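With full-length UniProt numbering applied, the sequence shown corresponds to residues 1 to 250, in that order. From the three backbone atoms N, C-alpha and C, an ideal C-beta is built for every residue, glycine too. All of these numbers come straight from a predicted model, not from anything done at the bench. Inspection log for the structure reproduced underneath, given as structure tokens.
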Amino acid sequence: MKFLKRHPFPVVARFDRVVALSFAFPEEALRPMVPAGLEIDGYGGFGFITVALVWTRSLRPAGFPARLGQDFFLAGYRIFTRLDDSGRRLRGLKILKSETDKRRMVRLGNLMTGYNYQLVKVHTESNGTETRIRTESPDGAPLLDLCFDTESEDAQLPKGSPFPDWRTARRFAGPMPFTFSPLDDGSFVVIEGNRADWTPRPVALKHWNVSLFQEAPLKDYTPLAANAFTVRDIDYRWQKGRIIKPPASA
1 MKFLKRHPFP VVARFDRVVA LSFAFPEEAL RPMVPAGLEI DGYGGFGFIT
51 VALVWTRSLR PAGFPARLGQ DFFLAGYRIF TRLDDSGRRL RGLKILKSET
101 DKRRMVRLGN LMTGYNYQLV KVHTESNGTE TRIRTESPDG APLLDLCFDT
151 ESEDAQLPKG SPFPDWRTAR RFAGPMPFTF SPLDDGSFVV IEGNRADWTP
201 RPVALKHWNV SLFQEAPLKD YTPLAANAFT VRDIDYRWQK GRIIKPPASA
């Protein structure tokens, strides 16, 4: 089973739609959530948690027909981090947890990755160009409540964002090229993602509530909405995982 947890073969999928929203915290707030060997990838003294909403189609091992793939909704919670790979600093994401509306995806995702998949109920509401997404646990506890407008022609950075402009904010638009999952011996399963085209467009964030931010160690800090972006119709490929052990001083 440990072999499967290391993502032993490449996987492909189609992203019909992605909306990624980043939130800023003081770097010290995020350090307890980042394992030794990873650095926080920050800006201006802030680290960032991204909540990525992904409408996924035909997730399957590379080479399998699309009709055998999984269609599901994903809400992924990630911290921007870096990993030292023999002098090469890889920029990527430490996955905190992954919410999905498909029970089978919970089983398969937790079998093959360290992404901590959890089953949730997903509620979607549309009003003109605005979309509201809510997730809740199977027993009805609210987890996520986001409202955004992906069609706004003059989307502004969220009030209080630490970024001076959209160009700077795009550096933290996610997903990053790599994800890092820690192993017991201090090494990491590193999975590289590839896509043919990725041109994020700014999104107007109208309202947000993230229950994760009300839990330790984040509950003692005030998060800042930092940016929001969207892309559509992306073919994505995750390469076979590889094991990297960073230097002891990292």
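Worksheet item: With respect to the beta strand (DSSP E) encompassing T131, which residues constitute its N-terminal and C-terminal limits?
Response: Within the sequence shown, residue 131 is the residue found at index 131, counting from 1. First-last of the beta strand (DSSP E) with T131: E130 to E136.
Item to complete: Just tell me which of D145, I95 and W238 has its CA closest to the CA of D196.
Response: As a first step, residue 196 is located in the sequence shown; it is residue number 196 there, counting from the start. The displayed chain sequence assigns Ala, not Asp, to residue 196. When each option's Cα is compared against that of A196, the closest is W238.
Discussion item. Per the DSSP calculation, T230 is bridged to which residue(s)?
Written reply: Counting from 1 along the sequence shown, the entry for residue 230 is found at position 230. V19 and R201.
Discussion item. On the DSSP bridge list, what partners appear for R60?
Written reply: Residue mapping note: residue 60 aligns to position 60 of the sequence shown, counting from 1. Per DSSP, V12.
Discussion item. Using CA atoms only, rank isn't needed, just tell me which of H7, R242 and D16 is closest to W198.
Written reply: By 1-based counting over the sequence shown, the position of residue 198 is 198. Ranking H7, R242 and D16 by Cα distance to W198 puts D16 first.
Worksheet item: Under the three-state reduction of DSSP, which class applies to Q70: helix, strand or coil?
Response: Indexing the sequence shown from 1 puts residue 70 at position 70. In the structure shown, Q70 sits in a strand (DSSP, three-state: E or B).
Worksheet item: Going by alpha carbons, who is nearest to G63 out of F46, F9 and G193?
Response: Against the sequence shown, residue 63 aligns to sequence position 63. It is F9 whose Cα lies nearest to the Cα of G63.
Worksheet entry | R66 versus G160 - alpha carbon distance | Stepping through the sequence shown from its first residue, residue 66 is reached at position 66. Stepping through the sequence shown from its first residue, residue 160 is reached at position 160. Correcting the residue identity first, residue 66 is Ala in this sequence and not Arg. Going from the Cα of A66 to the Cα of G160 covers about 43 Å.
Item to complete: In the DSSP assignment, find the unbroken alpha helix (DSSP H) run with L108 in it and report its ends.
Response: Within the sequence shown, numbered from 1, the residue matching residue 108 stands at position 108. R103 to M112 is the span of the alpha helix (DSSP H), which, as asked, contains L108.
Fill in: Counted within 10 angstroms of its Cβ, other Cβ atoms place S86 as buried (16 or more) or exposed
As a working mapping, residue 86 is identified with position 86 in the sequence shown. So S86 counts as exposed.
Item to complete: Pull up the DSSP beta-bridge partners for V98, would you.
Response: Position 98 of the sequence shown, counting from 1, holds the residue named residue 98. Note on identity: in this sequence residue 98 is Ser, with Val being the wrong assignment. Answer is G76 and Y117, bridged to S98.
Fill in: Helix, strand or coil at L218 [DSSP, three-state]
Position 218 of the sequence shown, counted from the first residue, corresponds to residue 218. L218 falls in the coil class under three-state DSSP.
Worksheet entry | Host beta strand (DSSP E) of L183 (start-end) | Walking along the sequence shown from the start, residue 183 turns up at place 183. Where L183 is concerned, there is no enclosing beta strand (DSSP E), given that its DSSP letter is neither H nor E.
Worksheet item: Do the segment 184 to 195 and the segment 16 to 29 meet, that is, are 3 or more Cβ pairs less than 8 Å apart?
Response: no
Worksheet entry | Distance between T50 and V231 (C-alpha atoms, nearest Å) | Position 231 of the sequence shown, counting from 1, holds the residue named residue 231. Position 50 of the sequence shown, counting from 1, holds the residue named residue 50. Rounded to whole angstroms, V231 to T50 spans 15 Å at the Cα level.
Worksheet entry | Residue range of the unbroken alpha helix (DSSP H) whose run includes E28 | As a position in the sequence shown, residue 28 is number 28, starting the count at 1. Looking at the DSSP string, the run of the alpha helix (DSSP H) that includes E28 is E27 to L30.
Worksheet item: Straight-line CA distance for L144 to T150?
Response: Here residue 144 is taken as the residue at index 144 of the sequence shown, counted from 1. Here residue 150 is taken as the residue at index 150 of the sequence shown, counted from 1. Going by the C-alpha atoms only, they are around 18 Å apart.
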